[in-house]
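Notes to accompany the following structure.
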Amino acid sequence: MFITIDGPDGAGKTTAAQKLASSLSEKNEIFYTSQPSNSKYGAEIRRLLANTPSPDPRKMTGLFIADRAEHIKSEIKPRLDRGIWVVCDRYKYSTIVYQQIQGISKQSLIEGNQGFLIPDVVFILTVSRVEQLLNRIQSREKSLELFETREIMEKTLMLYAQMPECFPDENIHMIDAGGSADISVKQMLAKLNT
Ligand code: TYD
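Residue numbers -8 to 185, in the numbering used here, belong to the letters of the sequence shown in order.
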């Protein structure tokens, strides 16, 4: 079973993904992982995000896609083949949303991510008001990073909301992350049990 969790910064995605993985590990062997991954491309992405005020969008897109290909091949697929459940924090939906915000066309991003393993279940965390994201981010960081201004967050939420229609054949569930991480996890577990 391949489960991915996506959503804007500040939606509590990483906490919820870890709690989901821990809850599922009571009954299944679980591999928890995230993108950008630890591949050489992932390392380059983190370096660019930390040191470059406006990293080149095409270069970033190429790196995220190369990182995803490598991550699937060397970490995700081998585990799924052994029956291990994989919970992945961020997947192709992040590239389609964030690199669109950086100015790359939706169509070329969808094409660039075509052929990657389709998750059995996709959870996209969302909130109804952008303030909920900003408040969470401001309480954990002194300054806002790339993709963390109010305007960008509104766009991020709007683009994530389009994912079910971009991928009508995929099993995508929008999760209301306005409450605690436990409430988000409860909604995800309910979907997995139906
Ligand atoms: P991440 O390490 O998941 O940060 P966070 O814990 O804040 O979610 O991701 C780092 C940044 O990379 C995040 O701002 C989103 C961005 N990103 C993209 O722009 N495209 C992608 O394909 C992925 C996977 C992440």
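A virtual CB, placed ideally from N, CA and C, is assigned to each residue, including glycine. Small disclaimer: the values here were computed from a predicted structure and weren't measured.
Between the stretch 34 to 44 and the stretch 81 to 93, the count of Cβ pairs shorter than 8 Å is below three; the stretches do not touch. At the C-beta level, K31 and D80 stay beyond 9 Å of one another. Within the DSSP secondary-structure output, F22 pairs in a beta bridge with V77. For F107, the secondary structure class from DSSP, reduced to helix, strand or coil, is coil. A straight-line Cα-Cα distance of about 10 Å links A181 and S175. Set against 8 Å, the gap from the CB of S130 to the closest heavy atom of ligand 1 is not smaller. In its chain, beyond the 5 residues on either side, S30 have a beta carbon closer than 8 Å to the beta carbon of S65. For F55, the secondary structure class from DSSP, reduced to helix, strand or coil, is helix. Spatial neighbours of M179 in its own chain (CB-CB distance under 7 Å, excluding positions within 5 residues in sequence) are listed in chain order as L11, F114, I166.
Scanning its chain for C-beta atoms nearer than 6 Å, with the 5 sequence neighbours on each side dropped, one finds around A57 the residues Y32, in chain order. For I143, the enclosing alpha helix (DSSP H) covers residues 141 to 152. Distance check between M51 and each of L71, A8, G103 places G103 closest, using alpha-carbon atoms only. Relative to E122, the option among Q91, G169, T24 whose CA is nearest is G169.
A straight-line Cα-Cα distance of about 16 Å links T147 and N126. The closest CA to that of D0, considering only F158, W76, I128, I67, is found on I128. Straight across, the Cα-Cα distance linking M144 with I67 is about 29 Å.
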